[in-house]
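Student:
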Amino acid sequence: MDILFEAEVRDVDPVAVVADRVELARLPEPPVAPVAPYTREIVSGVAEHLDEIDEAISAKLAEDWTLERIPAVDRAILRLSVWELLYNDDVPPKTAVVEGVELAAQYSTDVAPPYINAVLDDVLSQRDELKKAVASNEPAAGEEAAHSEEVEG
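In terms of this note's numbering, the sequence shown is residues 71 to 223.
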(Lines of atoms letter the chains of each structure in order from A and count residues from 1; the text may use other names and numbers.)
(Lines give C-alpha, C1' and ligand atoms only; values in the text may rest on other atoms or scores of the structure.)
Protein backbone atom coordinates (compact mmCIF):
# COMPACT_ATOMS: atom_id res chain seq x y z
CA MET A 1 0.00 0.00 0.00
CA ASP A 2 2.82 2.39 0.82
CA ILE A 3 4.37 1.99 -2.64
CA LEU A 4 1.05 2.71 -4.35
CA PHE A 5 0.59 5.75 -2.11
CA GLU A 6 4.14 6.99 -2.71
CA ALA A 7 3.82 6.59 -6.47
CA GLU A 8 0.61 8.58 -6.55
CA VAL A 9 1.93 11.38 -4.34
CA ARG A 10 5.12 11.61 -6.43
CA ASP A 11 3.16 11.14 -9.69
CA VAL A 12 5.42 8.31 -10.85
CA ASP A 13 4.89 4.76 -12.07
CA PRO A 14 4.50 2.43 -9.06
CA VAL A 15 6.56 -0.23 -10.83
CA ALA A 16 9.41 2.31 -10.99
CA VAL A 17 9.11 2.87 -7.24
CA VAL A 18 9.49 -0.88 -6.71
CA ALA A 19 12.55 -0.92 -8.98
CA ASP A 20 14.06 1.99 -7.03
CA ARG A 21 13.47 0.23 -3.72
CA VAL A 22 14.95 -3.02 -5.02
CA GLU A 23 18.12 -1.15 -6.00
CA LEU A 24 18.26 0.70 -2.66
CA ALA A 25 17.86 -2.59 -0.78
CA ARG A 26 20.96 -3.94 -2.54
CA LEU A 27 23.23 -1.24 -1.09
CA PRO A 28 25.75 -2.30 1.58
CA GLU A 29 23.75 -0.39 4.21
CA PRO A 30 20.28 -0.33 2.66
CA PRO A 31 18.03 2.58 3.67
CA VAL A 32 14.95 0.47 2.87
CA ALA A 33 13.84 -3.09 3.51
CA PRO A 34 13.86 -5.55 0.62
CA VAL A 35 10.66 -5.58 -1.43
CA ALA A 36 8.68 -8.77 -0.83
CA PRO A 37 7.65 -10.80 -3.89
CA TYR A 38 3.96 -10.38 -3.04
CA THR A 39 4.42 -6.61 -2.87
CA ARG A 40 5.89 -6.68 -6.37
CA GLU A 41 2.93 -8.77 -7.54
CA ILE A 42 0.41 -6.33 -6.04
CA VAL A 43 2.10 -3.25 -7.46
CA SER A 44 2.52 -4.66 -10.96
CA GLY A 45 -1.04 -6.03 -10.88
CA VAL A 46 -2.56 -2.72 -9.79
CA ALA A 47 -0.50 -0.84 -12.38
CA GLU A 48 -1.50 -3.26 -15.14
CA HIS A 49 -5.21 -3.14 -14.30
CA LEU A 50 -5.50 0.40 -12.92
CA ASP A 51 -8.25 1.54 -15.30
CA GLU A 52 -10.48 -1.45 -14.54
CA ILE A 53 -9.79 -1.19 -10.80
CA ASP A 54 -10.55 2.54 -10.74
CA GLU A 55 -13.73 1.97 -12.74
CA ALA A 56 -14.91 -0.68 -10.26
CA ILE A 57 -14.19 1.65 -7.32
CA SER A 58 -15.75 4.72 -8.94
CA ALA A 59 -18.96 2.82 -9.66
CA LYS A 60 -19.33 2.07 -5.94
CA LEU A 61 -18.62 5.54 -4.52
CA ALA A 62 -21.45 7.72 -3.26
CA GLU A 63 -23.05 9.79 -6.01
CA ASP A 64 -21.39 13.06 -4.97
CA TRP A 65 -17.90 11.53 -4.62
CA THR A 66 -15.25 10.88 -7.25
CA LEU A 67 -12.11 8.80 -7.00
CA GLU A 68 -10.02 11.98 -7.23
CA ARG A 69 -11.89 13.51 -4.30
CA ILE A 70 -11.03 10.82 -1.76
CA PRO A 71 -7.66 10.92 0.04
CA ALA A 72 -4.69 9.34 -1.74
CA VAL A 73 -4.16 6.85 1.08
CA ASP A 74 -7.75 5.65 0.70
CA ARG A 75 -7.31 5.28 -3.06
CA ALA A 76 -4.20 3.17 -2.47
CA ILE A 77 -6.06 0.95 0.02
CA LEU A 78 -9.05 0.55 -2.28
CA ARG A 79 -6.87 -0.20 -5.31
CA LEU A 80 -4.90 -2.86 -3.44
CA SER A 81 -8.05 -4.47 -2.04
CA VAL A 82 -9.98 -4.40 -5.33
CA TRP A 83 -6.97 -5.91 -7.12
CA GLU A 84 -7.02 -8.75 -4.59
CA LEU A 85 -10.78 -9.19 -5.06
CA LEU A 86 -10.71 -9.24 -8.86
CA TYR A 87 -7.28 -10.54 -9.83
CA ASN A 88 -5.86 -12.64 -7.00
CA ASP A 89 -7.75 -15.85 -6.35
CA ASP A 90 -5.19 -16.83 -3.67
CA VAL A 91 -6.66 -14.26 -1.25
CA PRO A 92 -10.08 -15.17 0.13
CA PRO A 93 -12.48 -12.34 -0.82
CA LYS A 94 -13.61 -11.65 2.76
CA THR A 95 -9.95 -11.44 3.80
CA ALA A 96 -9.30 -8.77 1.16
CA VAL A 97 -12.21 -6.73 2.52
CA VAL A 98 -11.23 -7.12 6.18
CA GLU A 99 -7.58 -6.27 5.49
CA GLY A 100 -8.60 -3.20 3.48
CA VAL A 101 -10.72 -1.96 6.37
CA GLU A 102 -7.88 -2.67 8.82
CA LEU A 103 -5.45 -0.69 6.66
CA ALA A 104 -7.92 2.20 6.60
CA ALA A 105 -8.24 2.08 10.39
CA GLN A 106 -4.46 2.13 10.74
CA TYR A 107 -3.46 4.68 8.10
CA SER A 108 -6.44 6.91 7.32
CA THR A 109 -9.04 9.00 9.11
CA ASP A 110 -11.80 7.77 11.41
CA VAL A 111 -14.38 8.12 8.63
CA ALA A 112 -12.45 5.96 6.15
CA PRO A 113 -13.03 2.42 7.47
CA PRO A 114 -16.85 2.48 7.14
CA TYR A 115 -16.91 3.85 3.60
CA ILE A 116 -14.00 1.65 2.48
CA ASN A 117 -15.89 -1.31 3.94
CA ALA A 118 -19.03 -0.26 2.03
CA VAL A 119 -17.17 0.14 -1.28
CA LEU A 120 -15.35 -3.18 -0.90
CA ASP A 121 -18.55 -4.99 0.15
CA ASP A 122 -20.25 -3.61 -2.98
CA VAL A 123 -17.36 -4.77 -5.16
CA LEU A 124 -17.46 -8.16 -3.43
CA SER A 125 -21.22 -8.49 -3.99
CA GLN A 126 -20.66 -8.01 -7.73
CA ARG A 127 -17.30 -9.78 -7.88
CA ASP A 128 -18.37 -12.50 -10.30
CA GLU A 129 -19.90 -10.01 -12.73
CA LEU A 130 -16.89 -7.70 -12.48
CA LYS A 131 -14.46 -10.58 -13.05
CA LYS A 132 -16.43 -11.64 -16.15
CA ALA A 133 -16.43 -8.07 -17.46
CA VAL A 134 -12.69 -7.78 -16.88
CA ALA A 135 -12.04 -11.14 -18.55
CA SER A 136 -14.09 -10.15 -21.60
CA ASN A 137 -11.93 -7.03 -22.06
CA GLU A 138 -8.65 -8.98 -22.00
CA PRO A 139 -7.33 -10.93 -24.98
CA ALA A 140 -7.57 -14.68 -24.62
CA ALA A 141 -4.35 -16.59 -23.97
CA GLY A 142 -2.27 -16.52 -27.14
CA GLU A 143 -4.57 -13.99 -28.83
CA GLU A 144 -2.30 -11.06 -28.00
CA ALA A 145 0.78 -12.89 -29.29
CA ALA A 146 -1.03 -13.86 -32.48
CA HIS A 147 -2.12 -10.26 -33.00
CA SER A 148 1.40 -8.91 -32.50
CA GLU A 149 2.72 -11.44 -35.03
CA GLU A 150 0.12 -10.20 -37.52
CA VAL A 151 1.20 -6.61 -36.96
CA GLU A 152 4.90 -7.41 -37.22
CA GLY A 153 4.54 -9.89 -40.07
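Note that CB positions come from ideal geometry on N, CA and C, so glycine has one too.
Using C-beta distances below 7 Å, list every residue in its chain close to residue 186, excluding the 5 sequence neighbours before and after it, in chain order.
Tutor: Answer for residue 186: 144, 147, 148, 170, 171 and 174, listed in chain order.
Student: I'd like to know if the segment 94-105 and the segment 130-142 are in contact, where contact means that at least 3 CB-CB pairs between them fall below 8 Å.
Tutor: The segment 94-105 is not in contact with the segment 130-142.
Student: Pick out whichever of 168, 83 and 197 has its Cα sitting closest to the Cα of residue 118.
Tutor: Ranking the options by Cα distance to residue 118, first place goes to 83.
Student: Could you tell me the distance, in whole angstroms, from the CA atom of residue 90 to the CA atom of residue 192?
Tutor: Approximately 35 Å, taken between the alpha carbons.
Student: Put residue 102 into one of helix, strand or coil per three-state DSSP.
Tutor: Residue 102: coil per DSSP, three-state reduction.
Student: Helix, strand or coil, according to DSSP, for residue 96 in the structure here?
Tutor: Residue 96 falls in the coil class under three-state DSSP.
Student: Since residue 74 contacts residue 116 with CB under 8 Å, what's their CB separation in whole angstroms?
Tutor: Indeed, because the Cβ distance is near 6 Å, the residues count as touching under 8 Å.
Student: In its own chain, which residues sit with a C-beta less than 8 Å from the C-beta of residue 128, not counting the 5 before and 5 after it?
Tutor: Around residue 128: 136 and 137.
Student: Is it buried or exposed for residue 92, if we count other Cβ within 10 angstroms and need 16 for buried?
Tutor: So residue 92 ends up on the exposed side.
Student: Under three-state DSSP, which class holds residue 186?
Tutor: In the structure shown, residue 186 sits in a helix (DSSP, three-state: H, G or I).
Student: Quick one: Cα of residue 100 to Cα of residue 112, how far?
Tutor: Cα to Cα, the separation comes out at about 23 Å.
Student: What is the C-beta distance between residue 162 and residue 197, in whole angstroms, given that I count them as a contact (C-beta under 8 Å)?
Tutor: Actually they are not in contact, since the Cβ atoms of residue 162 and residue 197 sit about 12 Å apart, beyond 8 Å.
Student: Is the CB-CB distance between residue 123 and residue 85 below 8 Å?
Tutor: No, the Cβ-Cβ distance between residue 123 and residue 85 is not below 8 Å.
Student: Between the alpha carbons of residue 120 and residue 165, how many angstroms are there, rounded?
Tutor: Rounded to the nearest angstrom, the two C-alpha atoms are 21 Å apart.
Student: Are the Cβ atoms of residue 103 and residue 87 separated by less than 8 Å?
Tutor: Going by C-beta atoms, residue 103 is not nearer than 8 Å to residue 87.
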